[in-house]
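Written below as structure tokens is the structure these notes are about.
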Amino acid sequence: MDAAERLLRSKGYSAFSYAHLAEAVGIREASIHHHFLTKEDLGTAIVEDYVRKVRERFSQIEAASGKLDDRLAGFVEGFRTGAEMGMLPLCGALAAEMAVLPSRLQVLTKESLSFSSHD
Numbered sequence: 010m011d012a013a014e015r016l017l018r019s020k021g022y023s024a025f026s027y028a029h030l031a032e033a034v035g036i037r038e039a040s041i042h043h044h045f046l047t048k049e050d051l052g053t054a055i056v057e058d059y060v061r062k063v064r065e066r067f068s069q070i071e072a073a074s075g076k077l078d079d080r081l082a083g084f085v086e087g088f089r090t091g092a093e094m095g096m097l098p099l100c101g102a103l104a105a106e107m108a109v110l111p112s113r114l115q116v117l118t119k120e121s122l123s124f125s126s127h128d
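Residue numbers (the working numbering): 10 to 128.
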């Protein structure tokens, strides 16, 4: 999942494939298809996992300090780390391709872009 997320955040949904992922993790494409029948299934799993990890990270930042400056620094650090690795925030990368995403990923991306405002 981590390798798939990195590919999606660095290449975008349209530009990454099962072949890229298989090469990155050293397995056969058929092994990926065994777990994710379609690219949309894989993309959905990536988004769901990413949102879970971001929520956990936000909770950690919030628990670490009650000071706004500390919380903002923790939030910015996550974006900085991704940028240094050549990756966009996942939902930002997907939003840039919204018109060509499968419908299920469009819905998840829209929900994910606003999840923090609901917490």
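Backbone N, C-alpha and C define an ideal beta-carbon position, used for all residues, glycine too. Quantities reported herein were computed from a predicted structural model and do not represent experimental measurements.
ask   = Can you name, in chain order, every residue of its own chain whose Cβ lies under 7 angstroms from the Cβ of valine 34, other than the five neighbours on each side?
value = Ala12
Limits of the unbroken alpha helix (DSSP H) element including alanine 13 = 11-20
request  = Please classify valine 56: is it buried, with 16 or more other beta-carbons within 10 angstroms of its beta-carbon, or exposed?
outcome  = buried
request  = Kindly list the residues whose CB is nearer than 7 angstroms to the CB of valine 109, restricted to its own chain and excluding five residues on each side of it in sequence; keep chain order.
outcome  = Ser23
ask   = What do you get for isoleucine 36, buried or exposed, if any count of 16 or more other CB atoms within 10 angstroms of its CB means buried?
value = exposed
key: Backbone secondary structure at serine 112 - three-state DSSP   = helix
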